[in-house]
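One structure below.
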Amino acid sequence: MEERKYTLTKSERLCSKTLIERLFAGGNSSFPAFPLRVVYMWLEPSEGTSDVSILISVPKKRFKRAVKRNAVKRQVREAYRRNKYLLLDALKSQGGKRLVLAFIWLDNQLRSSEEVERKVQKLLTHIVESMQ
RNA sequence: GCAGCCAGCCGGCUUGUCGCUGAUGCCGCAAGGUAGAAGAGGAAAGUCCGGGCAACACAGAGCAUCCUACUUCCUAACGGAAAGCUAUCUGCGAAGGUAGAGUAAUGUAGAAGAAAAUAACCGCCAAGUUUUCUCAACGAGUUCUUCGGAAACUAAUGAGAUUGCCUGGUAAGGGUGAGAAGGUGGGGUAAGAGCCCACCAGCCACAUGGUGACAUGUUGGGCUGUGCAUCUUAGGAGUUGUAAGGUCAUGUAUACCGGCAUUAUGAGGGUUGCUCGCCCCACGUCGGAGGGUGGACCGCUAGAGCCUAUUGGUGACAAUGGGUGUAGAUAAAUGGCAGGCACUGGACAACAAUGUUCAGAACAGAACCCGGCUUAUAGGCUGACUGUUUUA
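In structure tokens, the structure reads:
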């Protein structure tokens, strides 16, 4: 059993402008679990900076104040960090293919951290199930 | 004590654990790994002013446009502060709010009102003329007569009153209006009037005080309409903002730059909006090298820095000494979870100190950096001052 590190470094975050444009250009899978929606896209092993890259988006339309937007991003990021091996373990059987995903906040209100974590778990589980 | 007012300050602390950015050290050719200092605000916000910094532009003249506007003072600068001045409003008060260059010229000011500025509509006064009346004086004429008179009438004269017209004087009075030719009283006058005088308000001059705005005056001068706009005066204003701008990597169409050569004198471009003026010039050739994509580094945090003491100043602030190293992210870090402490409120127990338990804890997140302004903000602390109650 290898050591599991519940980290979330910069290489695991999606920064490339071109990849972001490809992700949102259309044709990629998406799945909602209110108050979240996930958009994901498969990459070849040569692309990307890590096995899984994520992006969290909270539109300004939902929260006018930066404080609340940041708070939501932190909740989602924390929830992914604690549950990312749901996805990483499943990905080992996929022959080195890589994944890009974006979490988009849909609600106009703040939610509790427990609820956000449950929804993230649900979304990750859904992606794993769709691999088979 | 309670209520208030002004100024300044704080706006959680801490333990464990899991994370994020990461100066720097170590390992490594490198990618990276590992240890790891430090890590949001008073407003970081709005992006409203001012400045630094950067790039580009810039011979010069005139006109236009825009901004500022009581005084002195602070500052790198400001449309910001400080201390004052004048007017006005609010509050019992401590205090707070609002406005503030000038008025020579031009324009404008609804309704109202006689009239809105070289004022005569009504009214008042005078002269002329006119209507009517009264009175006076004597004379004239006529009529009457008892021939003594003077009863009546007529026209004229003078005085007064009066009707209309006209000429002139007059701003004391007149419904209005934000404002009516400074106000009140007296003298004066044909009637009136700063025409004259006293007091009062303003203005100008002078004197005194103040750096000054201004203030004061048993001083002098009869000088006296209000608002707004244009305007006038004084000072100021190049444009774009760190996605500026620079370096490196990748690497291709002829937009760009420089040299040389050549043509033309009119179209275009630049110079702040306009005018003048000034500058540039299509094409060829040689050399440099660029569109787009998208990554790294610099810019990027030592700055008009922060803390503190003393001195000067009413104060904003300044000078000097000492101390200090204090965020630099890039789809954007500074957080999550579990405890403890402190704070506030409720409930319960208790004479009380206090204890138990349950809740609550604002506005808000750096994006080149400063100085301000504006707006949001639960709760709390400190100091000066004001009002009030009780007690002494």
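Whatever position you read off the first sequence (first residue = 1), add 49 for our numbering.
Idealized CB from N, CA, C, for every residue including glycine.
CA-CA distance, S102 to M90, rounds to 10 Å. With a cutoff of 8 Å on beta-carbon distance, L150 and V88 are scored as near each other. DSSP, reduced to helix, strand and coil, places V101 within a strand of the structure shown. Under the three-state reduction of DSSP output, V107 falls in the coil class, being neither helix nor strand. Judged by DSSP in its simplified three-state form, R147 adopts strand.
Distances from the CA of W154 to each of R111, F80, D100 and S78 were compared; the closest alpha carbon is that of R111.
For Q158, the number of other beta carbons within 10 angstroms of its own is below 16, and it is reported as exposed.
Each of L137, D100, E178 and V125 was checked against the Cα of V169, and the nearest Cα belongs to V125. The beta carbon of L148 lies closer than 8 Å to those of Y89, M90, W91, L92, D100, V101, S102, L136, L140 and I176 in the same chain, with the five residues before and after it left out.
Take K122, set aside five residues on each side of it, and the residues of its chain with a beta-carbon closer than 8 Å to its own are I105 and V107, in chain order. F152 is classed as buried because its beta carbon has at least 16 other beta carbons within 10 Å across all chains shown. The Cβ atoms of N119 and L173 do not sit closer than 8 Å to each other. Assignment of R118 by DSSP, reduced to helix, strand and coil, places it in the helix class. For K146 and Y129, the gap between their C-alpha atoms comes out near 20 Å.
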